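For the sequence shown, the residue numbers in full-length UniProt numbering are 1 to 142. Beta carbons: idealized from backbone N, C-alpha and C, even for Gly. Everything numeric in this text was worked out from a predicted model, so none of it was measured. Beneath this line is the structure, given in C-alpha cells, with notes to follow.
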Amino acid sequence: MTEPNVRTGGCLCGAVRFSVPLDALHFSACHCAMCRRWGGGPMLAVDATAPVTWQGEDAIGRYRSSERAERCFCKHCGTSLFYYSIKKGQTVLNLGAFDDQDDFTMESQIFIDEKPPGYSFANETPTLTAADVYALYAADPS
Numbered sequence: 001m002t003e004p005n006v007r008t009g010g011c012l013c014g015a016v017r018f019s020v021p022l023d024a025l026h027f028s029a030c031h032c033a034m035c036r037r038w039g040g041g042p043m044l045a046v047d048a049t050a051p052v053t054w055q056g057e058d059a060i061g062r063y064r065s066s067e068r069a070e071r072c073f074c075k076h077c078g079t080s081l082f083y084y085s086i087k088k089g090q091t092v093l094n095l096g097a098f099d100d101q102d103d104f105t106m107e108s109q110i111f112i113d114e115k116p117p118g119y120s121f122a123n124e125t126p127t128l129t130a131a132d133v134y135a136l137y138a139a140d141p142s
C-alpha cells in the first residue's frame, strides 16, 4: 500500500497553515453561484479524504452560507481556504491555498448548469448539474 501524499498550504499572510494526506491529487471545479461569488470564479476544490491538521485555527473565520455549508477564510487577509459540508462533516480545500499544485489534475465539474457562458475549461471531465449533485447528497445515508 502506498503512502498518501502529504500536502501543505495556507493563506496569503501566513496566519493559517494546513497539512493533509491525500490519497489522490485530484480537484473538481464548482461552478455554483455561491462559489463564483465567494472566490471570483469557479472554486477549484480538493476533497480532504483524511483529517486536516491546522496551525493558526484561531485566525479561521466561518460564514454559514447555507443550511448545508460554511465557507471558511483567513480573518486577517481574507484568503478563501475551504468549504465545510455540515451534513457530511467534509472539508473541501481551495486548490489555490496549496503550496504546490503541480501534480493535481482536474477530475470533474459540478453545477455545470450554473456555469456562465464566458469561460470553459479545455479538460474533458465528467460534469454534474445542480440536480445531480443534490441527488448524490440525498442518496448519502450519512
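- The DSSP-derived three-state label of Gly78 is coil.
- The beta carbon of Ala48 lies closer than 6 Å to those of Val20, Thr91, Leu93 in the same chain, with the five residues before and after it left out.
- Looking at Asp102, Arg17, Val46, Phe82, the one whose alpha-carbon comes closest to that of Trp54 is Arg17.
- Short of 8 Å from the beta carbon of Glu57, and not among the five residues preceding or following it, lie these beta carbons of its own chain, in chain order: Val16.
- Every unbroken stretch of the alpha helix (DSSP H) spanning 4 or more residues and falling wholly within the UniProt domain "CENP-V/GFA" (7-120) is given here in chain order: 33-39.
- Assignment of beta-bridge partners to Leu128 by DSSP yields Ile110.
- Cβ neighbours of Met43 within its own chain (closer than 6 Å, five residues either side excluded): Cys30, Cys35.
- Around the CB of Tyr134, fewer than 16 other CB atoms lie within 10 Å, so the residue is classed as exposed.
- Proximity to Asn123 across Cys74, Ala45, Glu107 peaks at Glu107, based on C-alpha coordinates.
- Distances from the CA of Asp103 to each of Leu128, Gly89, Phe27, Arg71 were compared; the closest alpha carbon is that of Phe27.
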